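*Asks:*
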Ligand code: GLN
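Numbering (the UniProt record's numbering), first residue to last: 1 to 430.
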């Protein structure tokens with residue numbers, strides 16, 4: 001069966017293999033010598049299975065694709081409030097290497113431009129550049145599921161030629177955004193840009209973001225879901241330089257590109273994608289990479305704003321096992337909107353039963369909002385002279401020791417028995 005997906009990927013890649021537009025990055029000599037024809041794509045499913053097509057084993061430097069990961073590390077280590085004090089989250093509409101800060105806050109506009117990325121490096125804990133870098137490398141490697149190494153030539157070249165980044169770092173220091181020696185911070189930034197990766201590494205890193213911080217290959221939790229949510233948010237608004245609007249409209253996935261020719265793209269909960277082709281457009285994004293992602297999104301339906309699922313699917317069945325007893329059977333993932341629909345359906349049918357039983361034994365996952373709504377349902381029914389019971393064997397709604405313990409049953413049979421007793425006691429006229 002995997003061959004079917006493989007054929008799809010090969011076909012989509014081959015559609016763009018002939019495109020020869022764009023130019024190699026030329027700000028350092030190392031990037032001008034790469035093979036312009038290199039073209040690879042990898043796709044990781046959310047359970048860690050990876051499909052590869054073309055030059056998926058070819059190494060290239062990560063460059064700006066490092067930015068979301070160091071930003072995530074800063075969030076992970078010092079918390080969002082401390083990071084927000086130094087780096088904004090607004091798209092800049094400027095080139096990635098613009099020497100600028102937000103005019104009001106005097107902090108970099110976002111972490112996906114160089115100014116914000118350099119500030120993020122300075123927020124990573126560590127007494128020395130080596131300590132900071134060790135943390136960064138460990139973090140990226142946990143995302144990729146293998147130990148990443150830097151390309152020493154690219155690093156040396158970045159360091160030798162990085163006047164503009166130096167200008168940015170010194171500007172940030174003058175505004176009090178950078179702690180420590182700007183050259184030390186830059187040294188770490190140049191090293192992080194020089195990591196060698198393959199498209200498969202990028203797909204795995206993306207899949208770890210797609211899974212809310214758990215690497216699906218290693219099973220390791222690399223960071224928490226709140227860090228991932230914030231990181232993906234800035235990838236949506238700022239990840240593709242000043243082409244963010246085009247990208248979100250046409251591709252619709254949080255993403256980040258780098259001048260090395262790579263692009264990482266994430267469909268939350270579903271897939272991670274890594275693409276490589278070193279010929280860049282005027283904005284610094286890989287020409288074939290962007291086109292390939294566009295086709296993948298269109299042909300595989302990966303746009304994150306595709307409205308696919310009707311939330312009515314939450315209610316699996318509604319039935320009446322006995323007079324005056326109605327069962328509402330739910331399934332899947334229950335979030336606020338699904339729970340709201342359940343509550344409203346119960347409310348609407350309330351005149352037709354005396355005991356409502358909510359069966360959540362087929363619910364996979366639930367969030368706090370849905371849990372709050374559903375556990376409040378029995379009190380609302382009680383106020384109307386009815387009873388609300390809940391079948392919750394796995395305690396997805398009613399945790400151990402909850403005040404609602406008395407309405408919880410492990411099986412539908414037990415709940416129906418209890419409902420019949422309730423009706424006999426409360427309505428002995430029948
Ligand atoms: N090393 C590059 C720089 O800092 C990375 C830029 C990029 O990939 N956009 O200028």
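Even for Gly, the Cβ is constructed at its ideal location relative to N, Cα and C.
Being a predicted model, the structure only gives us computed values, none of them experimental.
Can you give me the start and stop residues for the beta strand (DSSP E) that residue 329 sits inside?
*Replies:* Residues 325–334.
*Asks:* Give the list of continuous beta strand (DSSP E) stretches no shorter than 3 residues that lie fully inside the segment 247–316.
*Replies:* Listed in chain order, they are 255–257, 262–267, 271–276.
*Asks:* Could you give the DSSP three-state label for residue 391: helix, strand or coil?
*Replies:* In the structure shown, residue 391 sits in a strand (DSSP, three-state: E or B).
*Asks:* Sort out for me which residues DSSP pairs residue 208 with in a bridge.
*Replies:* DSSP output for residue 208 lists no bridge partner at all.
*Asks:* Is the separation between the beta-carbon of residue 17 and that of residue 74 shorter than 8 Å?
*Replies:* Not in contact: residue 17 and residue 74 (Cβ atoms no closer than 8 Å).
*Asks:* If we ignore side chains and look at the alpha-carbon of each, how far apart do residue 430 and residue 424 end up?
*Replies:* Note that residue 430 scores a pLDDT of 47, beneath 50, so its modelled location is shaky; the value from the coordinates is reported in the next line. Those two C-alpha atoms are separated by around 7 Å.
*Asks:* The ligand GLN and residue 239: does any heavy atom of the ligand fall closer than 7 Å to the residue's C-beta?
*Replies:* Flag unset: Cβ of residue 239 not near the ligand GLN.
*Asks:* Opposite residue 61 in the DSSP bridges: which residues?
*Replies:* Paired residues: 196.
*Asks:* Could you check where the beta strand (DSSP E) with residue 54 kicks off and where it finishes?
*Replies:* 50–54 is the extent of the beta strand (DSSP E) around residue 54.
*Asks:* Determine, using beta carbons only, whether residue 391 and residue 370 come nearer to each other than 8 Å.
*Replies:* Contact: no.
*Asks:* Around the C-beta of residue 130, are 16 or more other C-beta atoms found within 10 angstroms, so that it is buried, or is it exposed?
*Replies:* Classification of residue 130: exposed, given that the 10 Å Cβ count is below 16.
*Asks:* Would you mind stating whether residue 387 and residue 355 have Cβ atoms separated by less than 8 Å?
*Replies:* Contact: yes.
*Asks:* Report the start-end ranges of each alpha helix (DSSP H) in the segment 66–145 that is 4 residues or longer and not cut off at the edges.
*Replies:* With a minimum length of 4 residues, the continuous alpha helix (DSSP H) runs that stay inside the segment 66–145 are 66–78, 80–84, 114–123, 129–144.
*Asks:* First and last residue of the alpha helix (DSSP H) that includes residue 372?
*Replies:* Per DSSP, residue 372 belongs to the alpha helix (DSSP H) from 368–375.
*Asks:* Check whether the segment 53–68 touches the segment 252–263, counting contact only when three or more Cβ pairs, one atom from each stretch, lie closer than 8 Å.
*Replies:* Taking 8 Å as the limit for Cβ pairs, the verdict is that the segment 252–263 does touch the segment 53–68.
*Asks:* Which same chain residues, not among the five before or five after residue 288, have their C-beta less than 7 Å away from its C-beta?
*Replies:* Once the five neighbours on either side are set aside, the close Cβ partners of residue 288 are 16, 19, 39, 277, 279.
*Asks:* Could you tell me which whole beta strand (DSSP E) segments of length 3 or greater appear in the segment 400–429?
*Replies:* With a minimum length of 3 residues, no continuous beta strand (DSSP E) run stays inside the segment 400–429.
*Asks:* How about residue 42 and residue 203: are their beta carbons less than 8 Å apart?
*Replies:* Yes, the Cβ-Cβ distance between residue 42 and residue 203 is below 8 Å.
*Asks:* First and last residue of the beta strand (DSSP E) that includes residue 26?
*Replies:* Per DSSP, residue 26 belongs to no beta strand (DSSP E) and is neither H nor E.
*Asks:* The ligand GLN and residue 122: does any heavy atom of the ligand fall closer than 7 Å to the residue's C-beta?
*Replies:* Incorrect: residue 122 has no Cβ contact closer than 7 Å to the ligand GLN.
*Asks:* Using a 10 Å radius around the Cβ and a threshold of 16 neighbouring Cβ atoms, would you call residue 133 buried or exposed?
*Replies:* The residue in question, residue 133, is buried, as its Cβ has 16 or more Cβ neighbours within 10 Å.
*Asks:* With a threshold of 7 Å, establish whether the CB of residue 93 neighbours any heavy atom of the ligand GLN.
*Replies:* The answer is no for residue 93.
*Asks:* If you measure between the beta carbons of residue 286 and residue 257, is that distance less than 8 Å?
*Replies:* Yes, Cβ-Cβ distance for residue 286 and residue 257 is below 8 Å.
*Asks:* Leaving out the 5 sequence neighbours to the left and right, which residues in its chain are closer than 6 Å to residue 212 when beta-carbon positions are compared?
*Replies:* Here the set comprises 225, 228.
*Asks:* So, residue 12 versus residue 292, is the Cβ gap smaller than 8 Å?
*Replies:* A contact, by the Cβ cut-off of 8 Å.
*Asks:* In angstroms with no decimal places, state the Cα-to-Cα distance between residue 197 and residue 140.
*Replies:* Distance between the alpha carbons of residue 197 and residue 140 is about 10 Å.
*Asks:* Kindly list the residues whose CB is nearer than 7 Å to the CB of residue 9, restricted to its own chain and excluding five residues on each side of it in sequence; keep chain order.
*Replies:* The residues are 41, 43, 51, 53.
*Asks:* Does the Cβ of residue 96 lie closer than 7 Å to at least one heavy atom of the ligand GLN?
*Replies:* At least one heavy atom of the ligand GLN is nearer than 7 Å to the Cβ of residue 96, so yes.
*Asks:* Express the C-alpha separation of residue 338 and residue 4 in angstroms, rounding to a whole number.
*Replies:* Computed Cα separation, rounded: 33 Å.
*Asks:* Cβ of residue 158 versus every heavy atom of the ligand GLN: is any distance shorter than 7 Å?
*Replies:* At least one heavy atom of the ligand GLN is nearer than 7 Å to the Cβ of residue 158, so yes.
*Asks:* I'd like to know whether the C-beta atoms of residue 70 and residue 147 end up nearer to each other than 8 Å.
*Replies:* Taking 8 Å as the Cβ cut-off, residue 70 and residue 147 do not qualify as a contacting pair.
*Asks:* What are the boundary residues of the alpha helix (DSSP H) that includes residue 431?
*Replies:* Past the edges of the chain, shown from 1 to 430, lies residue 431, and the structure says nothing about it.
*Asks:* Throw me the rounded Cβ distance for the residue 122 and residue 83 pair, which I believe falls under 8 Å.
*Replies:* About 11 Å separates the two Cβ atoms, so there is no contact after all.
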